[in-house]
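Residues in the sequence shown are numbered from 65 upward in steps of one, following the numbering used here.
Virtual Cβ for every residue (Gly too), placed ideally from N, Cα, C.
Okay, so here's the structure we're looking at.
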Amino acid sequence: MKNQIRYNILDNLKIELNTSKNTFNLLPEELFLMAARKNKKRSFLFVSKVLGKHIPVDPKLSILVGKLLGNEYMKKVSGIKVQSTNDIVRVINKEQGINEIYPSVLNDTLDLPQKTIFIGFAETATALGHLVFSCFKRNAYYIHTTREEIIDYKHPIKFEEEHSHATAHYLYPMDFDIIESDSPIVFIDDEITTGKTTLNIIEAIQKKYPRKEYTIISILDWRKDTDKLLFKKVEEKLNIRINVISLLSGNIKIEQDRVSNLEIKSSAKKNNTKDIDVKTIYLDLKFQSSVKKVESFKPYLELSGRFGINSSSNRILNKQLREKGEFLKKYIRKGKNTLCMGTGEFMYIPMVLSSYLGDGVKYQSTTRSPIYPFDKIDYGVKNVFKFDSLEDKEIENYFYNVPIGFYDELFLFLERKFSQQKMKSLLDAIKTLEIKNINIVVLSEK
65 MKNQIRYNIL DNLKIELNTS KNTFNLLPEE LFLMAARKNK KRSFLFVSKV
115 LGKHIPVDPK LSILVGKLLG NEYMKKVSGI KVQSTNDIVR VINKEQGINE
165 IYPSVLNDTL DLPQKTIFIG FAETATALGH LVFSCFKRNA YYIHTTREEI
215 IDYKHPIKFE EEHSHATAHY LYPMDFDIIE SDSPIVFIDD EITTGKTTLN
265 IIEAIQKKYP RKEYTIISIL DWRKDTDKLL FKKVEEKLNI RINVISLLSG
315 NIKIEQDRVS NLEIKSSAKK NNTKDIDVKT IYLDLKFQSS VKKVESFKPY
365 LELSGRFGIN SSSNRILNKQ LREKGEFLKK YIRKGKNTLC MGTGEFMYIP
415 MVLSSYLGDG VKYQSTTRSP IYPFDKIDYG VKNVFKFDSL EDKEIENYFY
465 NVPIGFYDEL FLFLERKFSQ QKMKSLLDAI KTLEIKNINI VVLSEK
């Protein structure tokens with residue numbers, strides 16, 4: 065396996081990756097591709113092939129990757145190597161089929177030795193964080209950060225993601241007892257470039273709710289020596305310990321950093337929409353919170369992870385997701401090639417539902433991350449579809465890498481109901497995909 069890989073990403077954007085640690089000999093090309101994004105602070109992007117965000121994937125693969133990270137955390141806190149680890153690695157490297165090991169791995173939950181708080185980072189890692197948390201039978205609590213500013217909520221924890229296109233993050237915990245405890249906190253992200261985002265949230269939490277230990281779990285870790293030194297300084301300054309667990313680590317050398325004269329041009333084409341069948345299905349999870357973004361919006365789901373969820377509530381949620389997913393498979397699904405789509409930060413619940421729909425299913429989520437499309441081999445974004453955010457029409461959203469005419473059915477999963485006016489832009493984009501059967505699945509009451 066190469067320890068050094070050069071990427072001519074796009075235009076005059078070129079980087080070199082040097083791998084220093086790869087415990088499981090994972091193939092980098094099975095974990096990610098590279099792309100260029102519209103961002104003055106950081107122009108390159110690791111486009112994950114296992115997260116179900118920008119690239120459609122088998123949802124079971126994403127679930128297994130979450131399990132692998134959970135296994136690694138268990139190994140760190142207990143010293144015990146979990147048996148399913150090697151099987152998952154073989155699946156990621158395409159040496160073994162998913163269906164051969166998936167049922168046994170799914171039921172292989174772990175016992176945490178102490179109460180632990182898991183925090184997933186929005187937007188990309190909300191599902192990944194929930195998947196890691198779901199590995200544990202008890203003693204676990206999960207919450208994800210959000211970029212949504214919720215007017216109803218009075219005292220959020222706020223911090224900044226400096227390199228991002230949307231820098232402000234919030235935490236809205238409903239149960240402050242666990243946050244105020246001295247339980248260790250585990251952050252989950254898909255990729256660490258400098259680690260500054262995590263240091264920002266550690267300092268924000270430590271000011272209000274001090275504790276002794278934090279852990280960061282990530283698929284990729286590209287921190288330079290200077291970044292690692294900054295971690296040491298924060299540890300000394302706050303008198304804490306910060307552990308880092310990753311599947312692949314090394315460093316990045318930017319050889320050229322310029323993307324010029326490019327635009328994010330939509331791949332949507334006008335087509336005949338008369339033959340498209342659009343249905344709306346309500347799958348009431350019965351877990352609506354009292355919290356709304358603003359008065360005109362329907363409430364959020366209580367157990368999505370946005371407001372915090374514990375192990376026992378998660379078992380109830382996962383049982384309902386299995387029942388609802390099996391219902392969709394038996395009574396609603398018609399297609400052989402089915403695309404399932406989450407929206408923004410709402411990723412975990414749609415992903416798990418999708419995993420019960422059978423074979424021939426791919427899952428991905430919409431995003432607010434602006435990425436330049438270019439149809440070339442080994443580039444992470446082949447095409448792009450733009451639409452107005454369901455939450456705020458002033459914010460442009462996207463979905464990527466959906467070949468026109470490839471799928472015969474689509475499930476669009478929504479956390480709550482939106483008006484026809486708010487839905488129009490997204491539905492117009494979806495209708496250009498030449499998918500005949502479109503199912504809008506709303507996870508709250510009618």
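Nearest residue (CA-CA) to residue i, options the options
i, options, result
"Asp339", "Lys393, Lys145, Leu91, Asn501", "Asn501"
"Ala493", "Lys158, Phe463, Thr209", "Phe463"
"Ala189", "Arg305, Ile252, Tyr206, Leu421", "Ile252"
"Thr87", "Gly422, Tyr471, Leu312", "Leu312"
"Ser433", "Ser142, Glu136, Glu187, Ile183", "Glu187"
"Glu300", "Val505, Leu81, Ile256, Glu277", "Glu277"
"Leu109", "Lys495, Arg386, Leu74", "Leu74"
"Asn103", "Leu385, Ser324, Glu498", "Ser324"
"Gly469", "Gly408, Lys362, Ala332, Lys388", "Ala332"
"Asn374", "Ile79, Gly444, Lys343, Phe240", "Phe240"
"Asn67", "Tyr273, Thr83, Ser508", "Thr83"
"Arg379", "Val111, Gly116, Cys199", "Cys199"
"Lys400", "Phe410, Thr344, Lys334, Phe475", "Phe475"
"Arg106", "Thr257, Ile243, Asn461", "Thr257"
"Arg154", "Phe182, Ile318, Leu91, Val141", "Leu91"
"Glu509", "Lys140, Thr344, Gln147", "Thr344"
"Leu174", "Gln147, Ser310, Gly193", "Gln147"
"Ala100", "Ser419, Asp442, Phe477", "Asp442"
"Asp321", "Gln484, Asn89, Lys78, Thr180", "Lys78"
"Glu159", "Lys488, Glu244, Glu94, His118", "Glu94"
"Phe361", "Ser419, Met138, Ser483", "Ser483"
"His118", "Val505, Val466, Leu507, Leu491", "Val466"
"Gln428", "Ile69, Leu302, Ala191, Leu128", "Ala191"
"Lys140", "Ile281, Ile165, Val111", "Ile281"
"Tyr273", "Met415, Ile304, Leu293, Phe295", "Ile304"
"Gly408", "Arg370, Asp122, Gly259, Glu498", "Arg370"
"Thr430", "Ser489, Lys297, Glu213", "Ser489"
Counterpart residues of residue i in DSSP-defined beta bridges
i, result
"Gln320", "Lys78"
"Ser313", "Lys85, Asp285"
"Glu460", "Asp452"
"Gln160", "Note: Gln160 sits in no beta bridge, so no partner."
"Asn72", "Lys78"
"Tyr436", "Tyr436 pairs with nothing; no bridge assigned."
"Arg305", "Glu277"
"Tyr166", "Its beta-bridge partners do not exist; DSSP assigns none."
"Thr431", "Tyr462"
"Leu174", "Phe200"
Unbroken alpha helix (DSSP H) run spanning residue i, endpoints
i, result
"Lys264", "It should be pointed out that residue 264 corresponds to Asn in this sequence rather than to Lys. 260 to 272 is the extent of the alpha helix (DSSP H) around Asn264."
"Leu490", "484 to 495"
"Phe240", "240 to 244"
Limits of the unbroken beta strand (DSSP E) element including residue i
i, result
"Phe477", "473 to 478"
"Asp253", "249 to 256"
"Glu277", "277 to 285"
"Val342", "341 to 346"
"Asn501", "501 to 506"
"Tyr137", "That residue, Tyr137, is in no beta strand (DSSP E); its alpha helix (DSSP H) goes 123 to 142."
Assumed close pair residue i, residue j - CB separation to whole angstroms, cut-off 8 Å
i, j, result
"Tyr234", "Pro220", "4 Å"
"Leu392", "Leu417", "7 Å"
"Ile152", "Val169", "7 Å"
"Asn548", "Thr149", "Residue 548 lies beyond the range of the chain shown here (65 to 510); nothing can be said about it."
"Glu479", "Tyr364", "6 Å"
"Val114", "Ile156", "7 Å"
"Asn389", "Leu421", "Looking at the sequence provided, one finds Gly at residue 389 rather than Asn. Right, the Cβ-Cβ distance comes to about 6 Å (below 8 Å), so this counts as a contact."
"Asn461", "Asp452", "7 Å"
"Lys288", "Asn315", "5 Å"
"Pro120", "Lys394", "Not confirmed; about 23 Å, so no contact."
"Pro167", "Gly372", "Not confirmed; about 29 Å, so no contact."
"Phe182", "Ala204", "6 Å"
"Asp285", "Ser310", "4 Å"
"Ser405", "Phe477", "The displayed chain sequence assigns Met, not Ser, to residue 405. Confirmed, about 7 Å."
"Thr209", "Val250", "13 Å between Cβ atoms; not a contact."
"Tyr412", "Ile328", "That belief does not hold up - the Cβ atoms of Tyr412 and Ile328 are roughly 27 Å apart, past 8 Å."
"Leu454", "Lys486", "5 Å"
Problem - Runs of alpha helix (DSSP H) wholly within the stretch 84 to 119 (minimum 4 residues, chain order) - result: Listed in chain order, the complete alpha helix (DSSP H) runs (minimum 4 residues) inside the stretch 84 to 119 are 92 to 95.
Problem - Start-end ranges of the beta strand (DSSP E) lying completely within the stretch 367 to 429, minimum 3 residues - result: 402 to 406, 425 to 429
Problem - Sequence ranges, alpha helix (DSSP H) only - wholly within the stretch 179 to 220, length at least 4 - result: At a cut-off of 4 residues, the continuous stretches assigned as alpha helix (DSSP H) that sit fully inside the stretch 179 to 220 are 190 to 197.
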